[in-house]
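Data first, discussion second: the structure below is written as structure tokens.
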Amino acid sequence: MALDIRIAGRYRLGRKIGGGSFGDIYLGTNIQTGEEVAIKLESVKTRHAQLLYESKLYKILQGGVGIPNVRWYGVEGDYNVMVIDLLGPSLEDLFNFCNRKFSLKTVLMLADQLLSRVEFVHSRSFIHRDINALFAQPTDLAVALSNPPCRPDNFLMGLGKKANQVHIIDFGLAKKYRDPKTHIHIPYRENKNLTGTARYASINTHLGIEQSRRDDMESLGYVMMYFLRGSLPWQGLKATTKRQKYEKISEKKMSTPIEVLCKGYPMEFVTYFQYCRSLRFDDKPDYSYLRKMFRDLFAREGYQWDYVFDWTILKHQQSGTVPRPAPVARPEPAAGEGEEAADPAYGGRFDF
-11 MALDIRIAGR YRLGRKIGGG SFGDIYLGTN IQTGEEVAIK LESVKTRHAQ
39 LLYESKLYKI LQGGVGIPNV RWYGVEGDYN VMVIDLLGPS LEDLFNFCNR
89 KFSLKTVLML ADQLLSRVEF VHSRSFIHRD INALFAQPTD LAVALSNPPC
139 RPDNFLMGLG KKANQVHIID FGLAKKYRDP KTHIHIPYRE NKNLTGTARY
189 ASINTHLGIE QSRRDDMESL GYVMMYFLRG SLPWQGLKAT TKRQKYEKIS
239 EKKMSTPIEV LCKGYPMEFV TYFQYCRSLR FDDKPDYSYL RKMFRDLFAR
289 EGYQWDYVFD WTILKHQQSG TVPRPAPVAR PEPAAGEGEE AADPAYGGRF
339 DF
């Protein structure tokens, strides 16, 4: 007989649906309304407990486009518990569904939203420090020793009316980079341990330099190239220890010219990396400049901003229907403009 476990007296705990960097994620149901939610559990005995920190960060970010809403946080029995919006498939799920290649159109539509999500997090005085697109374990060594090895990637699509809206999650490694009131930046430091996912870490992070906004931006560039290329040149490197593997990834990353990484793709991606790597430690990235650069490329390629992604086409091909383009063919407003994103046309749960 199945156990009827309740959270906060109003959420029923269901099956496990994933693992985050600091706990397991379960499907939950609001007993009164029947609405489905995600429930994240972390043992109170966890050596480096992070769920309270993450829930506070979500509260700071509440109201931003693509930020899931925290419904409840507290302690139930032996677990710290966070109840949060249920989201759709991760970009990695969709990448696999599309045979591990995204078209330029899909990557550019995603890039527009990804830049806005990162900009919004930065506008709230935090850096994410783990922008990635894969299932992997965190490489902060203290965390790695005491937490589950797998977690979902950090960009998920929404459900229903928000099915084409990218959401950013998993703030367990996020860090305040400036004082929210005075905007005084944290000091430059060296000899830092690698925090985040090695595959997408910036070169400065590999070099042990304290992370700042520029590092989130460079990591985002690697995510874009991963989706375009299907893989990155430093994937699949063999080593006997994790530390040796990180060193090999670092060496390969530093010895791969940007032009080689982006070969066969528009020059805008080279420009993106050149710009990100030119930023000084405490520089504010020009998010609008980067968004405009990619939007201009999108228009020059003759694409329509219809929210018809590669997976939309593939899903409809499998079901024998025709994808319906969005009625409002424009990108969503930039972070901080006080608008919600245009509702996408294609909604509903994405079933595999």
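Final position of the sequence shown in the working numbering is 340; the numbers increase by one with none missing.
Cβ coordinates follow ideal geometry from the N, Cα and C atoms, glycine included.
Here the structure is a predicted model, which is why all the values come from computation and not from measurement.
Determine the direct distance from the alpha carbon of residue j to that of residue i, and round the result to whole angstroms.
{"i": "K280", "j": "D100", "result": "9 Å"}
{"i": "Y188", "j": "T170", "result": "31 Å"}
{"i": "L267", "j": "G(-3)", "result": "49 Å"}
{"i": "L144", "j": "V109", "result": "16 Å"}
{"i": "V63", "j": "Q305", "result": "46 Å"}
{"i": "Y61", "j": "S31", "result": "14 Å"}
{"i": "K233", "j": "G65", "result": "39 Å"}
{"i": "K150", "j": "K33", "result": "36 Å"}
{"i": "I48", "j": "M70", "result": "15 Å"}
{"i": "L249", "j": "K180", "result": "26 Å"}
{"i": "H36", "j": "G308", "result": "49 Å"}
{"i": "R231", "j": "L285", "result": "39 Å"}
{"i": "D128", "j": "E247", "result": "Only weak support is given to the placement of D128: the predicted model assigns it a pLDDT of 37, under 50, and the value that follows is read from those uncertain coordinates. Going by the C-alpha atoms only, they are around 30 Å apart."}
{"i": "I258", "j": "R0", "result": "Note that residue 258 corresponds to Val in the displayed sequence, not to Ile. Each residue's Cα considered, the two are about 49 Å apart."}
{"i": "S78", "j": "N84", "result": "10 Å"}
{"i": "E256", "j": "G2", "result": "45 Å"}
{"i": "L182", "j": "M242", "result": "15 Å"}
{"i": "W299", "j": "I(-5)", "result": "35 Å"}
{"i": "R217", "j": "T21", "result": "44 Å"}
{"i": "S104", "j": "P319", "result": "11 Å"}
{"i": "F367", "j": "T193", "result": "Within the shown structure, residues of the chain are numbered from -11 to 340, placing residue 367 beyond reach of any answer."}
{"i": "V117", "j": "T17", "result": "The residue asked about is misnamed: residue 117 is Arg in this sequence, not Val. Their backbone Cα atoms lie some 31 Å apart in a straight line."}
{"i": "H173", "j": "G148", "result": "39 Å"}
{"i": "M212", "j": "E23", "result": "34 Å"}
{"i": "K4", "j": "L15", "result": "6 Å"}
{"i": "P221", "j": "W293", "result": "31 Å"}
{"i": "R283", "j": "V106", "result": "17 Å"}
{"i": "P321", "j": "G51", "result": "14 Å"}
{"i": "S111", "j": "P168", "result": "9 Å"}
{"i": "F90", "j": "I13", "result": "27 Å"}
{"i": "K376", "j": "Y214", "result": "The requested residue 376 does not occur in the structure, where the chain is confined to residues -11 to 340."}
{"i": "L195", "j": "T244", "result": "16 Å"}
{"i": "A162", "j": "L82", "result": "25 Å"}
{"i": "L102", "j": "G146", "result": "14 Å"}
I need the DSSP call for residue i, collapsed to helix, strand or coil.
{"i": "R253", "result": "A small correction: the amino acid at residue 253 is Tyr; Arg does not occupy that position in the sequence shown. It is coil, neither helix nor strand."}
{"i": "R166", "result": "strand"}
{"i": "Y14", "result": "strand"}
{"i": "R3", "result": "strand"}
{"i": "A121", "result": "coil"}
{"i": "A151", "result": "coil"}
{"i": "A130", "result": "In this prediction, A130 has a pLDDT of 32, which is less than 50 and means its spatial position is unreliable; nothing more can be read from the coordinates."}
{"i": "F159", "result": "coil"}
{"i": "L341", "result": "Missing from the structure shown is residue 341; the chain here goes from -11 to 340 and no further."}
{"i": "L144", "result": "strand"}
{"i": "S111", "result": "helix"}
{"i": "K180", "result": "coil"}
{"i": "H194", "result": "helix"}
{"i": "P136", "result": "With a pLDDT of 28 at P136, under the threshold of 50, the predicted position of this residue should be treated as unreliable, and no value is reported."}
{"i": "A287", "result": "helix"}
{"i": "Q306", "result": "helix"}
{"i": "Y277", "result": "helix"}
{"i": "D203", "result": "helix"}
{"i": "A189", "result": "coil"}
Is residue j closer than 9 Å to residue i when the C-beta atoms are compared?
{"i": "L278", "j": "Y295", "result": "no"}
{"i": "V53", "j": "S43", "result": "no"}
{"i": "G11", "j": "L39", "result": "yes"}
{"i": "K28", "j": "I(-7)", "result": "no"}
{"i": "S219", "j": "D203", "result": "no"}
{"i": "V154", "j": "L98", "result": "yes"}
{"i": "P254", "j": "Y263", "result": "no"}
{"i": "I55", "j": "I156", "result": "yes"}
{"i": "L92", "j": "E239", "result": "no"}
{"i": "E80", "j": "D141", "result": "yes"}
{"i": "F297", "j": "N68", "result": "no"}
{"i": "L177", "j": "I197", "result": "Reading off the sequence, residue 177 comes out as Arg, not Leu. The answer is yes: Cβ separation under 9 Å."}
{"i": "L45", "j": "F114", "result": "yes"}
{"i": "I119", "j": "G184", "result": "yes"}
{"i": "L96", "j": "Y291", "result": "yes"}
{"i": "C86", "j": "L302", "result": "yes"}
Across which residues does DSSP place residue i in a beta bridge pair?
{"i": "A26", "result": "L15 and I72"}
{"i": "I(-5)", "result": "Y(-1)"}
{"i": "H173", "result": "R166"}
{"i": "L208", "result": "For L208, which the question treats as bridged, DSSP gives no partner whatsoever."}
{"i": "I301", "result": "For I301, which the question treats as bridged, DSSP gives no partner whatsoever."}
{"i": "S31", "result": "Y67"}
Please tell me whether, using a cut-off of 8 Å, the distance from the CB of residue i to the nearest non-hydrogen atom of the ligand ADP is below it.
{"i": "D81", "result": "Inclusion of the ligand ADP in the displayed structure is not the case, the ligand content being empty and no account of it being possible."}
Item to check | Minimum length 3: unbroken beta strand (DSSP E) runs contained in the stretch 213 to 274 | outcome: Counting whole runs of 3 or more residues, the stretch 213 to 274 contains no beta strand (DSSP E) stretch at all.
Item to check | Whole beta strand (DSSP E) elements within the stretch 47 to 74, 3-residue minimum | outcome: Taking only runs of at least 3 residues, the beta strand (DSSP E) segments lying wholly in the stretch 47 to 74 are 58 to 64 and 67 to 73.
Checklist entry - Can you give, in chain order, each stretch of the alpha helix (DSSP H) that sits fully within the stretch 71 to 107 and has at least 4 residues? => result The qualifying runs are 79 to 85.
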